[in-house]
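Residue numbers (this note's numbering): 9 to 271.
We put the CB at the ideal spot given by N, CA and C, even for glycine.
Notes follow the structure.
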DNA sequence: ATCTATTCCTGGCTGC
DNA sequence: TGCAGCCAGGAATAGA
């Protein structure tokens, strides 16, 4: 499940292999992964030059000489170079000197060409590294929903998903069901630090491979070995040895230490 | 306006 | 061994 660190890893890897190249042609095998270009994505992309490659939250952006290709990897999306198509290959992009293959088992991901960054993506919250302590604390006080649900909401900050939310809440010692509005300045600051530090460490380790995440070369990340709570139900908390508990918050599997993270 | 529940999708796992 | 049934979850959407 690619979140910010996984997408950042992919973008850093693929940027030098894409920038300056042209999309000679694109082929779509599963229109389900298209958003608003049903039937016209290939035409929009044919002959376009890839100028720069970037990341916006969990989105990969290919800035073209005309418009932008927005790629969201969803749960199981992969961008791979020069692999043979499989039954999960949803699209291919034939470039000057390589072929970029988009695989996506569950098809929660999406491909979208747009003349400019689509509004709904442009309107997402800031990168976690950009928001200030004051802004973050003020935003928390405005919402009565659980802190877990609020961090997952891409309109607050963009790029953080289920894994890194659980990891950050463990680091900050905050119970996932805590009402966001009840988190005052000091704890909010601790939480924002936890979020940015866990994201940075995950980037250093090339992301987490818990189910089937791999980078553009098919390599797994290494940060899953450093998870403290995610996917560790019943195992001892690294801080206090209490067994990690798994509950459901905001319709998501949620892992926390019942002793370190009191309600 | 804010929040919650539902929907999409398929491989992998569980239990009979 | 086979297979039905359930689960994982990002984000759009519908509903409260």
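Residues bridged to residue i (per DSSP)
i           : result
residue 315 : There is no way to answer for residue 315, as the model of the chain reaches only from 9 to 271.
residue 277 : Because residue 277 is not part of the residues shown, which for the chain are 9 to 271, the question remains open.
residue 129 : The partner list for residue 129 (beta bridge, DSSP) is empty, contrary to what the question assumes.
residue 203 : Residue 203 is not bridged to any residue.
residue 74  : For residue 74, which the question treats as bridged, DSSP gives no partner whatsoever.
residue 253 : 264
residue 121 : 77
residue 67  : 64, 80
residue 187 : 154
residue 197 : Answer is none; residue 197 lacks a bridge partner.
Given residue i as reference, the closest of the options once Cα atoms are compared
i           : options            : result
residue 224 : 179, 115, 256, 86  : 86
residue 102 : 233, 142, 34, 9    : 34
residue 52  : 42, 60, 61         : 42
residue 14  : 167, 241, 234, 183 : 167
residue 83  : 70, 93, 73, 110    : 110
residue 116 : 25, 210, 251, 98   : 98
residue 149 : 176, 187, 156, 91  : 187
residue 163 : 64, 267, 72, 227   : 64
residue 50  : 135, 113, 37       : 37
residue 212 : 234, 158, 220, 193 : 234
residue 68  : 269, 209, 19, 158  : 19
residue 152 : 241, 189, 127, 134 : 189
residue 273 : 220, 158, 147      : Absent from the structure is residue 273, since the part of the chain shown begins at 9 and ends at 271.
residue 60  : 29, 90, 241        : 29
residue 220 : 45, 74, 92, 96     : 96
residue 127 : 242, 44, 24, 241   : 44
residue 208 : 47, 244, 135, 195  : 135
residue 9   : 47, 24, 66         : 66
residue 62  : 125, 267, 241      : 125
Contact under 8 Å by Cβ, residue i with residue j
i           : j           : result
residue 165 : residue 139 : yes
residue 247 : residue 206 : no
residue 261 : residue 11  : no
residue 258 : residue 160 : yes
residue 264 : residue 174 : yes
residue 182 : residue 199 : yes
residue 222 : residue 232 : no
residue 70  : residue 26  : yes
residue 226 : residue 72  : no
residue 177 : residue 156 : yes
residue 107 : residue 100 : yes
Integer Cβ distance of residue i from residue j, believed to fall under 8 Å
i           : j           : result
residue 17  : residue 229 : 7 Å
residue 56  : residue 22  : 16 Å between Cβ atoms; not a contact.
residue 204 : residue 137 : 6 Å
residue 184 : residue 216 : In fact, because the Cβ distance is near 18 Å, the residues do not count as touching under 8 Å.
residue 141 : residue 197 : 5 Å
residue 3   : residue 255 : For residue 3 there is no data in the structure shown, the boundaries of the chain being 9 and 271.
Three CB pairs or more closer than 8 Å across the stretch 117 to 126 and the stretch 64 to 84: Counting Cβ pairs under 8 Å, three or more are found: they touch.
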